[in-house]
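In the working numbering, the protein residues as written are 413 to 526. Report on the following structure.
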Amino acid sequence: MVGLTGALALAGGLTVPVAFAADGQPLPSAGEIAAVAKQREQQRPQSETDRALAQARTTGKNVPIESLTTESGETSATPEGHLLLTAAPEQKRVKRDGKWAALDATLAGAGSVR
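So, in structure tokens, the structure goes:
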């Protein structure tokens, strides 16, 4: 862990604290940190969650995340950049042929009833 030491810089008669890394080098600016973060984001392959968050921001609507869906819960990306879990105490869907389908609660007859 890099320790930080503080120093004071005089700027126009004002005393301004300046942070330095333990090796005496100044810490990167907020702009430099943002540029590195943006570069790393562009290099990293996007996950389904990343794509859903981006789509939600663009459309202004919640976007379901298929890989986070379960029999009783559904997770969506929100336009605000959050994940929203909607859960039920009982099973709401079943996976058929790799896709989620709502449960069908109707009864099918197995023949005639007498």
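We treat Cβ as the ideally placed atom computed from N, Cα and C, and that holds for glycine.
{"Asked": "Kindly list the residues whose CB is nearer than 6 Å to the CB of Gly424, restricted to its own chain and excluding five residues on each side of it in sequence; keep chain order.", "Found": "Low per-residue confidence applies at Gly424: pLDDT is 44, beneath 50, and the placement is therefore not dependable, though the value from the model is reported in the following sentence. Nothing meets the Cβ criterion."}
{"Asked": "Per DSSP, what are the beta-bridge partners of Ser488 in this structure?", "Found": "Pro476, Leu496"}
{"Asked": "I need the straight-line Cα distance from Leu496 to Ala489, nearest angstrom please.", "Found": "6 Å"}
{"Asked": "Mind the definition here: the segment 476-486 touches the segment 505-522 only if three or more C-beta pairs lie below 8 Å; say whether that holds.", "Found": "yes"}
{"Asked": "Pick helix, strand or coil for Lys450, following the three-state DSSP scheme.", "Found": "helix"}
{"Asked": "Excluding the 5 residues flanking Thr461 on each side, which residues of the same chain have their C-beta closer than 6 Å to its C-beta?", "Found": "Ile477"}
{"Asked": "For Gly514, does the three-state DSSP call read helix, strand or coil?", "Found": "A small correction: the amino acid at residue 514 is Ala; Gly does not occupy that position in the sequence shown. Of the three classes helix, strand and coil, the one that applies to Ala514 here is strand, per DSSP."}
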